[in-house]
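Right, here's the structure in full:
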């Protein structure tokens, strides 16, 4: 039913008979006049709101404002005749940063709208339904189709979806969703049942007194349906980071503006400093460059797409899970379930499929008499649960049973029954509650329980007349699902109202670890539950209050607890848990307060839910580090560049494009899609902050190094190590390399997918650098002048600078400055050799700190350091070998100097042999880090000795003289000696500190 947008028109109230209800005409009149049970949902988003929400974020507003300022200066400078400044500083490339922003808005809006439509369809299918009486017939309708004065039929397990007045019958309701109090309240004729209340026991006919927005609990009911109220650590951490970045952004812009104003005021007339320009604070050109620099830092500080990437990843996963018949009722429910380390399962409907059958009847009176009593008892029940359905299939039911009073089932008493007209009481329920403990006949219950059967006792005026043995059907997928939880570090506990031995046997059949540790909570006070919560696996004869107490006790022990349930007796525990799961066949009250609804009642889908959640959170950690790497690096540079003559103007927007496109864009996208199901450990906030600071510091150093190698030698009167023309290209390349190093560290330990992702990042970076070298390598602005050509001289568009760079990238000045200058080549090589091992050591130290993997920090510290040294040395060794192969191919080998080997062919063969040996020995070191067994330690140590021999032999046999040897060869040999030392020292540390308790093989 669509929502009635018109104002409500007054309608004459009708007091319909409970057995008749409203007529069709009366229902139609109320629908027409707007008296339907539809409450306004202020949280529901329209398509326009979704687009606006993605478009008008704080960071998007900042980005579009920066673009508007750039355009304004472009127009103004052109109008005053300074098009040369526009062409040099405000070209097309200055606006490339808008492309990912626009794509983020478009993709985010599309995915959110698509996911919303899919989930909304499933909400309609699984929405709350109610029984109403209309025209003398009981009909099942959507809760939104209830109209004012409708007669609503309530029974155990139903949820009131409007404010109702009881007309006939009696019920016990749980108003905890409204009041927070879990006490059951009896409702008689004339009492009011508020919307959101759940019926625990009994049945009644009620009149809808208030509907829609007029109900007392309209707003609260909508909240219960749409959100579980659980906090999202993921989003709260990201929002905290964004708040900090917002303050830092303002601080950086103010600092850059003041710094440049001071520098221009002091040295603006020195054209040698300002790229041939003479600047003054009275000149609009100066202010255009200041605002250009401010804009660059603003763009650099903004982690564009961080929130969007996280939300979209969750929405895509949720939409994908709906195709597997799993409804996630809240965006961050996926995250909460992926963090659980304890899951409490209800036996019936979870381990079993909810169907039962009678396996045996032990009668203590003639069987025909038992059959007669059971037919009356089953016939007296208004609705049948799984147990009574099994008995019905065995005995059938009396069509018109004669009895005085029905006794509804109660979780407290564990039985149901009836009172005959002659006053005799027929009861059916748990033997422990109907028979004294001293009754020897209870041994039959134990015997059947050992076979996994549960026994129902039937008594007549306190005398046992029969035991009925009920067999549960175990789900075919239960064992595989529980194995998944066991292998992924999730402790399984079974909570049930049945016999403890029966539940234990079923749990053992399903493969639950320690299922023989069982206990009955019958009579156990709530205050004693915390002391036994972790000591047992199976909890039987559990009341609703005890279920909630168990969940709270486990949470008090710092566990993240998930709870499954499908009945009203599970509601308290479901609402208390960190993540609640129910089934489509569950009561409406249970579904309304659950995070996850399994639409086909198949418990095995939880593997997909947990796997998707872990994939999203684990991968979001990595992508967040890449986004924040740029922000932290730019923040550091805003202050680190102050001492230099040009200050913050050393850095430009174009210097970040290769990092953003290849590393953050490609790397972040591929890593976010990696299939993984490893458990989520440690604090999300601590993890990404510690990792991002390390990555950001590496990025800042990579930018500062070329400037320092240019400025410091010149200040000391020496020739610059890196020339003026090479500083900006080197900044771009080294910043991109630092990003690739971060991606490399995130791909450790390697698997096929991560290897492909790393290769793709390097490939995209190389492609972009060769596609447009002047911008992606040189950091220069791409303007209209690059499209000009001399038509009079016979040139075509293919002769313009832009076309020449695209089709002949190796001829460009920027590429030549990198590959043709030996100093630049040495600096890049040394940066790789030093940055990779240093960052790997820092990264794993920060990761272990964030995960709190080692509670005693001192214990095993040397062992961990040794493993990291082996890993870092092995990776650098493999990198060195790969560069050696490249040098052999290009004819610039440096492992063995060509002049010291008379035969060039022998030199090439020796280079290849050494490179292959380095790859093998490096791989052995990596293998030791993955699995440090005693055998691998011995193999690695021997490999280290071989490496030392292979490294020192050429130096001693050729009599290498450091003072006369080529610089590159000397550096290579020094690096190799350092690698050998690190390799052997790391292996020795592992040997000296070898402990079985510290062995934690790494999983890809």
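Residue numbers (the working numbering): 291 to 1294. Just so it is clear, CB atoms sit at the ideal spot from N, CA and C, and this is done for glycine as well.
Could you give the residue range of the beta strand (DSSP E) that holds residue i?
i: residue 888; result: 886-888
i: residue 635; result: 632-636
i: residue 529; result: Premise fails: residue 529 lies in the alpha helix (DSSP H), 523-557, not in any beta strand (DSSP E).
i: residue 899; result: From DSSP, residue 899 is part of no beta strand (DSSP E) but of the alpha helix (DSSP H) over 896-930.
i: residue 494; result: 488-500
i: residue 307; result: Looking at the DSSP string, residue 307 is not in any beta strand (DSSP E), and its letter there is neither H nor E.
Taking its Cβ as the centre, do 16 or more other Cβ atoms sit within 10 Å of residue i, making it buried, or is it exposed?
i: residue 1137; result: buried
i: residue 1243; result: exposed
i: residue 1009; result: exposed
i: residue 315; result: exposed
i: residue 430; result: exposed
i: residue 299; result: exposed
i: residue 1117; result: buried
i: residue 1126; result: buried
i: residue 963; result: exposed
i: residue 233; result: Outside the shown range of the chain, which is 291 to 1294, sits residue 233, and nothing can be said about it.
i: residue 727; result: exposed
i: residue 761; result: buried
i: residue 302; result: exposed
i: residue 913; result: buried
i: residue 763; result: exposed
Who does residue i pair with in a DSSP beta bridge?
i: residue 700; result: 705
i: residue 1037; result: Answer is none; residue 1037 lacks a bridge partner.
i: residue 743; result: 761
i: residue 477; result: 461
i: residue 719; result: 705 and 747
i: residue 810; result: 830
i: residue 651; result: 758
i: residue 617; result: 887
Would you kindly work out how many angstroms separate the C-alpha atoms of residue i and residue j, rounded to a whole number?
i: residue 536; j: residue 1027; result: 27 Å
i: residue 707; j: residue 715; result: 7 Å
i: residue 590; j: residue 1056; result: 22 Å
i: residue 899; j: residue 628; result: 7 Å
i: residue 346; j: residue 1020; result: 36 Å
i: residue 950; j: residue 875; result: 49 Å
i: residue 363; j: residue 603; result: 38 Å
i: residue 634; j: residue 738; result: 25 Å
i: residue 1284; j: residue 995; result: 39 Å
i: residue 742; j: residue 440; result: 46 Å
i: residue 1044; j: residue 775; result: 25 Å
i: residue 516; j: residue 806; result: Any reading at residue 516 is ruled out, since the residue's pLDDT is 41, under 50, leaving its predicted position unreliable.
i: residue 561; j: residue 572; result: 16 Å
i: residue 1144; j: residue 976; result: No answer about residue 1144 holds up, because its pLDDT of 43 lies below 50 and its placement is not dependable.
i: residue 847; j: residue 1120; result: 50 Å
i: residue 779; j: residue 967; result: 11 Å
i: residue 895; j: residue 1203; result: 52 Å
i: residue 625; j: residue 1022; result: 37 Å
i: residue 482; j: residue 444; result: 13 Å
i: residue 667; j: residue 881; result: 29 Å
i: residue 873; j: residue 811; result: 25 Å
i: residue 1151; j: residue 1223; result: 18 Å
i: residue 310; j: residue 321; result: 19 Å
i: residue 969; j: residue 1052; result: 29 Å
Terminal residues of the continuous alpha helix (DSSP H) containing residue i?
i: residue 992; result: 974-1005
i: residue 427; result: No alpha helix (DSSP H) holds residue 427; the beta strand (DSSP E) holding it covers 427-432.
Do the region 1158-1170 and the region 1207-1220 touch if we need at least three Cβ pairs shorter than 8 Å? Three or more Cβ pairs closer than 8 Å define a contact, and the region 1158-1170 meets that threshold against the region 1207-1220.
Would the region 950-959 count as touching the region 977-989 if we require 3 or more Cβ pairs under 8 Å? no
Three or more beta-carbon pairs under 8 Å between the region 489-502 and the region 449-468, yes or no? yes
Mind the definition here: the region 835-842 touches the region 808-822 only if three or more C-beta pairs lie below 8 Å; say whether that holds. yes
Touching or not, the region 925-932 and the region 543-552, by the rule of three or more beta carbon pairs under 8 Å? yes
Quick check: the region 675-691 against the region 764-773, are there 3 or more CB pairs under 8 Å? no
Decide if the region 751-758 is in contact with the region 651-662; the criterion is three or more beta carbon pairs, one per stretch, under 8 Å apart. yes
Any contact between the region 375-383 and the region 1063-1078? By contact I mean 3 or more CB pairs, one from each, below 8 Å. Judged by Cβ distances under 8 Å, the region 375-383 makes contact with the region 1063-1078, as three or more pairs qualify.
At a cut of 8 Å, does the region 687-700 reach the region 664-672 through at least three beta carbon pairs? Below 8 Å, enough C-beta pairs join the region 687-700 and the region 664-672 to call them touching: three or more.
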